[in-house]
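Visitor:
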Amino acid sequence: MEQSDISIGQVVKSTQGRDKEKFFIAVEILDNEYVLIVDGDIRKIDKPKKKKMKHLVKLNILSEEVRERVLSSKKMNNAFIRRELERLGINA
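Using UniProt numbering, you'd call the opening residue of the sequence shown number 1 and step up by one each time.
1) Compare the C-alpha of Ser-24 against each of Arg-18, Val-12, Glu-33, Phe-80 and name the closest.
2) Using only the alpha-carbon positions, how far apart do Lys-54 and Ile-81 sit?
3) If you measure between the beta carbons of residue 93 and Lys-49, is that distance less than 8 Å?
4) For a test of the three-state rule: what should DSSP assign to Glu-2, helix, strand or coil?
5) Quick test of your reading: Ile-8 and Val-57, contact by CB under 8 Å. State the CB separation rounded to the nearest angstrom.
6) Near Leu-59, which residues of its chain fall below 6 Å by C-beta distance, leaving aside the five closest residues on each side in sequence?
7) What are the boundary residues of the alpha helix (DSSP H) that Leu-85 is part of?
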């Protein structure tokens, strides 16, 4: 699987570290190796987790609402992220 095709709003699952087996939404692509992820609970919007893409598994789920808000610099809060993960069928 190619990890470099992770995009903003993509739902990902961590495969390494303390957050192993947890689900997140990618909110920023830093470079070819790193991405910022949030879940609205442990990793909040104001302090996202910097994670290597090789330690993430991309799910074929994309949150268009999160993507639009990030790209247009609209406000998001942690409750919105939690609701979005729940709406997408992810038990966060």
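No residue lacks a Cβ here, since even glycine has one placed at the ideal position from N, Cα and C.
Guide: Considering the structure as presented:
1) Note on residue identity: the sequence assigns Phe, not Ser, to residue 24. Measuring from the Cα of Phe-24, the nearest candidate turns out to be Val-12.
2) 23 Å
3) The chain is shown from 1 up to 92; residue 93 falls before or after that span and cannot be answered.
4) Confidence is the limiting factor: at Glu-2 the pLDDT is only 46, short of 50, which leaves the residue's position unreliable, though a coordinate-based value still follows. Coil.
5) The Cβ separation is near 17 Å, so there is no contact.
6) Val-11
7) 78 to 87
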